[in-house]
Each structure stands twice: as C-alpha cells, then as structure tokens.
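A quick write-up on the structure given underneath.
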Amino acid sequence: NAGVTQTPKFRILKIGQSMTLQCTQDMNHNYMYWYRQDPGMGLKLIYYSVGAGITDKGEVPNGYNVSRSTTEDFPLRLELAAPSQTSVYFCASTRTSGSEQFFGPGTRLTVL
Amino acid sequence: DAKTTQPTSMDCAEGRAANLPCNHSTISGNEYVYWYRQIHSQGPQYIIHGLKNNETNEMASLIITEDRKSSTLILPHATLRDTAVYYCIVRVANNAGNMLTFGGGTRLMVKP
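These protein sequence lines are chains R and U, in that order.
Letter by letter, the first sequence follows residues 1 to 112 in the working numbering.
Letter by letter, the second sequence follows residues 1001 to 1112 in the working numbering.
This is the structure:
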C-alpha cells in the first residue's frame, strides 16, 4: 500500500491564482481530512469528509473548497490564493472514527 | 474537546527512557488520550492512544493517572530518530468528524 499520497510536494502561487492540492489514499478509508500547518505551529483542520459525497468544515475553512466524489480522492481547492494561505498542507485518512489517522507527506505552498 | 498542557521542550540521552508528560485536567469521561509525533518536515505519525488503562505497543507506553487528569508517554529506549515534536491530544473517539486538535506539543531532542 502506498498509504496517503499528496501532489504536488511544493508549489509557488501568485496572489489571486487558483490551484488544487491532490490527496489519494489506497486503504479504503471512509474518513479523510485536510490540515494546514503554519511555521512553528500545530495543525489546524480545514475540511473533512466522512465518506464519498459528504464533506464538512473544520476550524479554518475560509478560502478553501473540497469535494469527495470517490472514496480514494479528496482534493482541496484554493480559488483566489492569498499570502495568508502560505503553509504546509497535510491530508490524512482513517478507517473509523477513533482509530489512528494516517498522514500524507505534505504540500508546501507559498503565495507571493 | 479538553485542552492539554505539555512542556515546550525536553532533552533525553540516547538509549535512556524518554518520559513526556501531558496535563488534561478537564478531560471528560468519554474522551481518549492520543499521542502523535512529527519528525521535521514530515506528516504526523500516530503513536498510541488510551482511555483509562495503561497501554503499550511496539513504539511506546502510555501511562494514564487514575483520575485521568494527566498522562505520560514513555519511549523506553530513545534513539536519535525519536527526535521530534510530540503532541498529546484529548478527544471523543466517536466524534463523527474525528477531528484532532493539535496544540504546541513538546519538542523532544535526543542527544548522543
């Protein structure tokens, strides 16, 4: 199993540009999550999904959108990039509520 | 979810046991204690979790006090590769969103 994979690893965006961060898991997990981590800080939850077709907001959803059309994929969309969105983005998945979360390697995004 | 308090940083000699404390004095009866760690620039990694009994796995042991207001993560024989930020998280396991709230964590430095 590859686990949780994320692409791209790095990206630089200009203010106002848009992009999609990809996340895929091959463990057939129902639950998937997007976190962001600012320098020197802990992780904050952006959006989560408890299954295909179901998504919900986390702690810091403003400026982001998600979709969950399949069990495997959970892309994160930035429509109008802003410098405040410069961060490292982690995707995670888990089999059931309460079990361990598996994290991807992260996407380092810089908005200039 | 209950808040947690952890020391900002700790040192440990290689080969010795690392004992990482966590205070969670407002923990509720249905909240579990989870430990994750994050090695520099990588995604967080699950270590262990428990409700009220002590737990042990191949990575670590978790000791929870009888009143459940504090806990200690024990790495029995720390190695240089255990240098990381360790997060203690308290949450309800059957939370539909299964959200993890990451605070500041403890930066553990294992020294030769």
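Beta carbons: idealized from backbone N, C-alpha and C, even for Gly.
Secondary-structure assignment with DSSP links residue 1061 of chain U through a beta bridge to U:1056 and U:1074. For residue 1015 of chain U, there are no C-beta contacts with chain R under 7 Å, since the nearest C-beta of that chain is about 27 Å from it. In this structure, the beta-carbon distance from residue 4 of chain R to residue 25 of chain R falls below 7 Å. Residue 108 of chain R is bridged by DSSP to R:10 and R:88. Counting only the Cα atoms, residue 1084 of chain U lies some 5 Å from residue 1038 of chain U. In summary, residue 1079 of chain U is exposed, with fewer than 16 beta-carbon neighbours lying within 10 Å of its beta-carbon over all protein chains present. Around the beta-carbon of residue 1066 of chain U, fewer than 16 other beta-carbon atoms lie within 10 Å, marking it exposed. Within the same chain, Cβ atoms closer than 8 Å to the Cβ of residue 60 of chain R are found at 36, 44, 45 and 46, the five residues on either side in sequence being excluded. Bounds of the beta strand (DSSP E) holding residue 1018 of chain U are 1018–1023. Put simply, the CB of residue 83 of chain R is far from chain U, with every gap to its CB atoms at 7 Å or more.
Nearest CB-CB separation between residue 1007 of chain U and chain R: not below the 7 Å threshold.
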